[in-house]
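Just so you know, full-length UniProt numbering puts 488 at position 488 of the sequence shown, and the rest follows in order with no gaps. Contents: one structure, followed by commentary.
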Amino acid sequence: KNGAPMSIICHADISKSADFQLKHNFTIFKDGKLVFMAVSDKDDARYEVPMARSSDTGEYECTVEAGGKTKSSNSLHVWVTGMTKPILTAEKKEVLEGEVVKLRCELPEEVPPLYFYFRKIKMNSTPKEKYVFEAYKNYSEVEFSVEEGDNILQFDCFGKRHVQREFDSSEHSNKTLVTVREPFIKPTLSVKPSRNITEGDRIQLECSTVVARMRDIEIILQKNKTILNSVRDEKVLKYSAVATLEDSGEYLCKVEQGRASKSTKVNVVVSELFPKPTLAASMNKLDENRELTLSCSISGFQRAKFSVLRRNSNGDVLLETSRNLTMRVSVNDTGSYICKAEVKGIVKESKPIRINVYGELIKMFRTQWCRGKSKLHESQRSSGEFYSRKAKFFAINTTLSPPTLSVVSGLPEVVLGRPLQLICRSARGTPPITFKFYKGNVTKETVTNDTYATFLDENVGQNDKKGYKCDARNNHSSGVKTSNILNVTVVVGSWSFKKKMVMRFHVTVKAYNTIVAFKQPFLQYCILSSRLFITVLIFVFFVPSSVVPIRNASLGSIPYGEVEEGSETAFLCSVKEGSWPIHFRIFRKADRDVLVFEQSEHADRVIWRKGTMSRQDTGTYYCMASNRANVDVKSHPITISGKLTFVVNCLLCHHNG
Numbered sequence: 001k002n003g004a005p006m007s008i009i010c011h012a013d014i015s016k017s018a019d020f021q022l023k024h025n026f027t028i029f030k031d032g033k034l035v036f037m038a039v040s041d042k043d044d045a046r047y048e049v050p051m052a053r054s055s056d057t058g059e060y061e062c063t064v065e066a067g068g069k070t071k072s073s074n075s076l077h078v079w080v081t082g083m084t085k086p087i088l089t090a091e092k093k094e095v096l097e098g099e100v101v102k103l104r105c106e107l108p109e110e111v112p113p114l115y116f117y118f119r120k121i122k123m124n125s126t127p128k129e130k131y132v133f134e135a136y137k138n139y140s141e142v143e144f145s146v147e148e149g150d151n152i153l154q155f156d157c158f159g160k161r162h163v164q165r166e167f168d169s170s171e172h173s174n175k176t177l178v179t180v181r182e183p184f185i186k187p188t189l190s191v192k193p194s195r196n197i198t199e200g201d202r203i204q205l206e207c208s209t210v211v212a213r214m215r216d217i218e219i220i221l222q223k224n225k226t227i228l229n230s231v232r233d234e235k236v237l238k239y240s241a242v243a244t245l246e247d248s249g250e251y252l253c254k255v256e257q258g259r260a261s262k263s264t265k266v267n268v269v270v271s272e273l274f275p276k277p278t279l280a281a282s283m284n285k286l287d288e289n290r291e292l293t294l295s296c297s298i299s300g301f302q303r304a305k306f307s308v309l310r311r312n313s314n315g316d317v318l319l320e321t322s323r324n325l326t327m328r329v330s331v332n333d334t335g336s337y338i339c340k341a342e343v344k345g346i347v348k349e350s351k352p353i354r355i356n357v358y359g360e361l362i363k364m365f366r367t368q369w370c371r372g373k374s375k376l377h378e379s380q381r382s383s384g385e386f387y388s389r390k391a392k393f394f395a396i397n398t399t400l401s402p403p404t405l406s407v408v409s410g411l412p413e414v415v416l417g418r419p420l421q422l423i424c425r426s427a428r429g430t431p432p433i434t435f436k437f438y439k440g441n442v443t444k445e446t447v448t449n450d451t452y453a454t455f456l457d458e459n460v461g462q463n464d465k466k467g468y469k470c471d472a473r474n475n476h477s478s479g480v481k482t483s484n485i486l487n488v489t490v491v492v493g494s495w496s497f498k499k500k501m502v503m504r505f506h507v508t509v510k511a512y513n514t515i516v517a518f519k520q521p522f523l524q525y526c527i528l529s530s531r532l533f534i535t536v537l538i539f540v541f542f543v544p545s546s547v548v549p550i551r552n553a554s555l556g557s558i559p560y561g562e563v564e565e566g567s568e569t570a571f572l573c574s575v576k577e578g579s580w581p582i583h584f585r586i587f588r589k590a591d592r593d594v595l596v597f598e599q600s601e602h603a604d605r606v607i608w609r610k611g612t613m614s615r616q617d618t619g620t621y622y623c624m625a626s627n628r629a630n631v632d633v634k635s636h637p638i639t640i641s642g643k644l645t646f647v648v649n650c651l652l653c654h655h656n657g
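Written out as structure tokens, the structure reads:
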């Protein structure tokens with residue numbers, strides 16, 4: 001038990017052959033640490049602990065050395081139950097609200113590590129507890145704040161230590177009493193003329209307190225966590241304002257000094273002087289040039305100053321300072337409108353209403369401007385009254401252009417197998433506009449947007465003969481306007497017959513031309529002229545009306561692969577199929593691809609002769625071919641490498657030999 005005397009006895013049982021004195025060296029260890037040593041000719045040694053403490057708990061073991069021999073005992077577990085009673089002291093016996101109480105708890109004669117527990121005890125409430133772990137001290141210190149409502153406080157403490165996976169606790173210390181004084185009284189918050197007032201009346205609030213010492217004191221008035229007013233080093237705070245409905249609610253007056261804080265709340269009710277105005281429109285959706293009337297009113301209330309405004313991102317625009325507003329509208333008048341009413345300095349705003357003004361979708365007419373029977377130039381149109389002799393319509397400025405339908409890529413054609421994207425536009429008008437796309441008389445898609453819409457036809461057939469059109473409408477009463485019909489050419493067909501005829505004729509003429517080239521100059525000229533003429537005829541009469549995309553481009557060279565430096569090399573770029581003319585390009589790969597040859601031909605192949613090859617010309621080449629189908633086809637690359645001149649010469653000599 002803690003505080004009781006304790007003896008650890010080490011006994012040596014030694015056998016001797018004769019009766020003689022033998023010195024014994026006794027050593028006692030606790031938890032592996034040396035705590036006692038003695039030399040004796042007796043068989044026993046005692047380690048005396050006059051007052052056992054919990055720190056004496058542990059595993060004890062002794063060792064005896066005699067006659068050059070050493071022997072150790074088994075370990076002995078000793079548990080000292082209980083701890084010394086802690087001593088608690090307070091720095092002050094009397095404090096103010098908002099200050100702190102500093103406490104010190106000590107466990108005399110106990111050895112760390114130790115756990116210290118402090119308690120703050122109030123009447124009729126659960127004690128508040130704090131604990132501190134001290135690894136190297138047998139005492140600890142903490143602070144407790146003194147809060148509003150704390151009058152007489154008691155504090156105590158106790159200690160704990162960890163022993164063999166368990167905690168051993170001390171008894172509680174002496175109780176220390178601390179008294180608390182108020183630095184100021186709870187504030188008083190008054191409302192004038194009363195807590196129930198009407199909009200437009202002036203409301204006055206006053207907050208006051210009594211303080212012990214006028215230093216670092218602050219009075220704060222707030223509503224819904226918003227500070228309305230505050231003063232420092234004064235006993236009274238005043239606040240005044242014209243009451244509105246938003247002023248209804250709970251007001252809080254708070255007095256603070258240091259850590260001390262006290263507050264008071266009151267509830268204020270503000271009655272409505274008049275309800276919010278209502279703005280009404282003769283029509284919310286109307287055509288341009290129609291008449292619109294906006295009326296502002298207050299239910300059961302007539303005496304007010306009214307104004308009508310239009311909402312704007314840069315600030316509301318005042319339109320009229322009366323109850324009613326009548327105007328003839330244009331498309332630009334589309335927007336949100338409000339009205340305001342003022343009574344006794346109280347201004348209230350109506351809910352906004354949305355007005356949409358729609359311009360007509362007016363179809364365009366190509367007219368000749370006339371005065372009488374004479375045509376006029378553009379510069380003459382600005383003077384006088386004009387009419388059109390080709391259409392019975394007056395020339396007017398349209399507010400919304402008619403829909404126009406076109407192909408996104410530009411040309412009204414599409415390659416078979418590829419999607420066709422159309423765009424329908426209406427350049428002017430009041431959104432939203434609803435666009436419908438038709439293929440023939442079948443509706444394909446409906447889109448609502450501001451000025452344009454797109455449609456993707458992914459099912460274009462070879463025999464499609466149906467034209468495309470679109471129509472557009474907004475909320476204008478004029479109804480739907482339709483675009484012109486757009487016919488699209490499907491790029492498809494075979495050119496093999498045309499190519500065979502032209503190539504066969506070219507080959508025949510070339511062969512005969514070689515025979516007569518130097519013997520009959522005039523005949524050669526005639527043959528060349530007829531060759532060009534017949535080619536044109538074949539192209540005109542046998543070319544189909546559609547375009548065939550390029551298929552299977554290839555590149556070759558003569559010689560192929562290795563070339564001699566300084567020699568000539570011919571590159572042949574050809575395609576298997578494709579409409580003429582064909583644009584051929586040959587590239588050499590480097591850090592970036594270099595265009596080395598470019599030419600358009602009414603043929604399915606082209607030859608590029610490179611006169612003198614150098615080391616810089618070796619590398620990888622490829623060609624690309626394209627036509628009106630706008631599809632680039634790339635060939636497989638070929639590699640051109642150089643070889644030394646003397647190796648070539650040796651091979652030639654060997655061949656000649």
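Even for Gly, the Cβ is constructed at its ideal location relative to N, Cα and C. Source: prediction; values computed, not measured.
Taking each of Gly-300, Tyr-117, Thr-264 and Leu-486 in turn and checking the Cα distance to Ile-220, the smallest one comes out for Thr-264. Beta-bridge pairing by DSSP links Asp-156 to Arg-119. CA-CA distance, Leu-237 to Arg-215, rounds to 16 Å. Note that the C-beta distance between Ala-281 and Ala-304 is not below 7 Å. DSSP links Lys-102 through a beta bridge to Glu-143. A direct Cα-to-Cα measurement between Glu-129 and Ala-66 gives close to 56 Å.
A distance below 6 Å between beta-carbons, with the five flanking residues on each side excluded, links Ala-260 to the following residues of its chain, in chain order: Glu-97, Gly-98 and Pro-183. If the five residues before and after Glu-291 are omitted, its C-beta is found closer than 7 Å to the C-beta atoms of Thr-326 and Arg-328, all from its own chain and listed in chain order. In the structure shown, Gln-462 falls within a coil segment according to DSSP collapsed to helix, strand and coil.
When only Cα atoms are considered, Lys-351 and Ala-427 end up about 33 Å apart. If you draw a straight line from the Cα of Asn-356 to the Cα of Lys-348, it is about 25 Å long. Non-local C-beta neighbours of Ser-567 in its own chain, meaning closer than 7 Å and more than five positions away in sequence, comprise Met-613, ordered along the chain.
Counted as a single uninterrupted DSSP element, the beta strand (DSSP E) harbouring Trp-608 occupies residues 605 to 610. Shown here for Asn-229: same chain residues with a beta carbon closer than 7 Å to its own, the five before and five after excluded, namely Leu-221, Leu-237 and Tyr-239 in chain order. Around the beta carbon of Val-255, a 10 Å sphere encloses 16 or more other beta carbons of the protein chains shown; the residue is thus reported as buried. Closest in alpha carbon position to Val-210, among Ala-472, Asp-233, Val-39 and His-476, is Asp-233. If you draw a straight line from the Cα of Val-317 to the Cα of Leu-309, it is about 5 Å long. Taking one beta carbon from each stretch, the stretch 137 to 145 and the stretch 165 to 177 have fewer than 3 pairs nearer than 8 Å; the two do not touch.
Counting only residues of its own chain and dropping the five nearest sequence neighbours on each side, Val-146 has a CB closer than 6 Å to the CB of Val-95, Glu-97, Glu-99 and Val-180. Across the set Cys-424, Leu-405 and Ser-54, the C-alpha of Ser-54 shows the shortest separation from the C-alpha of Leu-114.
In the three-state scheme derived from DSSP, where H, G and I count as helix and E and B as strand, Asn-332 is classed as helix. Pairing Ser-478 with Asp-287, the inter-Cα distance amounts to about 9 Å. Here Val-606 is buried. Its C-beta has 16 or more other C-beta atoms within 10 Å. The alpha carbon of Ala-243 has as its nearest neighbour, out of Pro-86, Gln-302, Phe-584 and Ile-346, the alpha carbon of Ile-346.
In terms of Cβ geometry, Ser-600 and His-583 form a close pair [threshold 7 Å]. Under the three-state reduction of DSSP, Leu-273 is assigned to coil, being neither helix nor strand. Our two residues, Glu-445 and Tyr-358, have alpha carbons roughly 24 Å apart in a direct line. Here Ala-45 really is in contact with Phe-26; their C-beta atoms are around 4 Å apart, less than 8 Å. The residues Cys-296, Ser-297, Ile-298, Ala-304, Phe-306, Cys-339, Lys-340, Ala-341, Lys-348, Glu-349 and Ser-350, in chain order, have a CB closer than 8 Å to that of Pro-277 in the same chain once the five nearest residues on each side in sequence are set aside. If you draw a straight line from the Cα of Ile-203 to the Cα of Pro-275, it comes to about 20 Å.
Taking C-beta atoms as the reference points, Leu-422 and Phe-455 count as a pair closer than 7 Å. Under DSSP, Glu-109 shares a beta bridge with no residue.
Within the UniProt domain "Ig-like" (403 to 487), complete beta strand (DSSP E) segments of at least 3 residues are found at 404 to 407, 413 to 415, 420 to 425, 433 to 439, 442 to 449, 452 to 457 and 468 to 473, given in chain order. For Lys-466, the closest of Met-123, Leu-103, Lys-102 and Asn-441 by C-alpha to C-alpha distance is Asn-441. Judged by DSSP secondary structure, Asn-552 falls within the beta strand (DSSP E) whose first and last residues are 551 to 558. For Thr-188, same chain residues with a beta-carbon under 6 Å away, outside a window of 5 residues either side, are Ser-208 in chain order.
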